[in-house]
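Residue numbers (this note's numbering): 718 to 906. Glycine included, C-beta positions come from ideal geometry on N, C-alpha and C. None of these values were measured; they are calculated from a predicted model.
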Ligand code: 5GP
């Protein structure tokens, strides 16, 4: 997605440890006009997928999943990172290592929102080592759902999570794939 590459080049900040900061348009602050285009791009990639529900993980995946859900007329469910009083009843859970926080979280989804047999599209903001997508895939498959695809907005190809999932046969699409990034340069695949 050319607009996304341009925005990463003009507004992205490469932080130490292989982290790309895109707080000005995708994370802390959200460019809603641009977010709408992201939703439409995800729809055009997955229009043929048969997806019936979109699954993501809080918090930065939610806006993107909702943009895609609105473009595709699909409901969105998000995995929570902590058990709050409004998570009741039985849950599916999976352990996810957070790349940016350096912590391990049990992510969870109430069983009532993932009935078996559904076709699921998984969406997130970043794909790095793949822990978040692996955790979401595990939850969807535990529920007896079919993962028809996964879409990240920005994949850091040098961290290999995407290529490992593709090698396992999953359909993984990313709106921009970064193969190399340094303080002074970002190279896209
Ligand atoms: P993974 O689980 O694939 O290693 O990392 C993906 C998750 O970590 C995403 O949900 C995203 O929130 C966060 N993340 C990973 N790399 C980056 C990055 O470079 N920048 C930002 N802002 N978030 C990242």
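Compute the minimum distance between the beta carbon of residue i and the heavy atoms of the ligand 5GP, and state whether it is under 6 Å.
{"i": "residue 844", "result": "yes"}
{"i": "residue 822", "result": "no"}
{"i": "residue 881", "result": "no"}
{"i": "residue 819", "result": "no"}
{"i": "residue 795", "result": "no"}
{"i": "residue 849", "result": "yes"}
{"i": "residue 777", "result": "yes"}
{"i": "residue 902", "result": "no"}
{"i": "residue 859", "result": "no"}
{"i": "residue 866", "result": "no"}
{"i": "residue 730", "result": "no"}
{"i": "residue 905", "result": "no"}
{"i": "residue 878", "result": "yes"}
{"i": "residue 816", "result": "yes"}
{"i": "residue 841", "result": "yes"}
For residue i, which of helix, strand or coil comes out of DSSP?
{"i": "residue 741", "result": "coil"}
{"i": "residue 817", "result": "coil"}
{"i": "residue 844", "result": "strand"}
{"i": "residue 762", "result": "helix"}
{"i": "residue 796", "result": "strand"}
{"i": "residue 757", "result": "helix"}
{"i": "residue 749", "result": "helix"}
{"i": "residue 732", "result": "strand"}
Bridge partners for residue i per DSSP, in chain order?
{"i": "residue 809", "result": "826"}
{"i": "residue 910", "result": "Past the edges of the chain, shown from 718 to 906, lies residue 910, and the structure says nothing about it."}
{"i": "residue 893", "result": "871"}
{"i": "residue 866", "result": "838"}
Hey, quick one: how far does the alpha helix (DSSP H) through residue i stretch, first residue to last?
{"i": "residue 728", "result": "719-728"}
{"i": "residue 784", "result": "777-789"}
With residue i as the anchor, note down where its beta strand (DSSP E) starts and where it stops.
{"i": "residue 860", "result": "That residue, residue 860, is in no beta strand (DSSP E); it is neither H nor E in DSSP."}
{"i": "residue 773", "result": "770-774"}
Using 6 Å as the cut-off, classify the Cβ of residue i as near or not near the heavy atoms of the ligand MN, replying yes or no.
{"i": "residue 737", "result": "Absent from the structure shown: the ligand MN. Ligands present: the ligand 5GP."}
Could you check whether the Cβ of residue i sits closer than 7 Å to any Cβ belonging to chain C?
{"i": "residue 867", "result": "The question asks about chain C, but that chain is absent: this structure has only one protein chain."}
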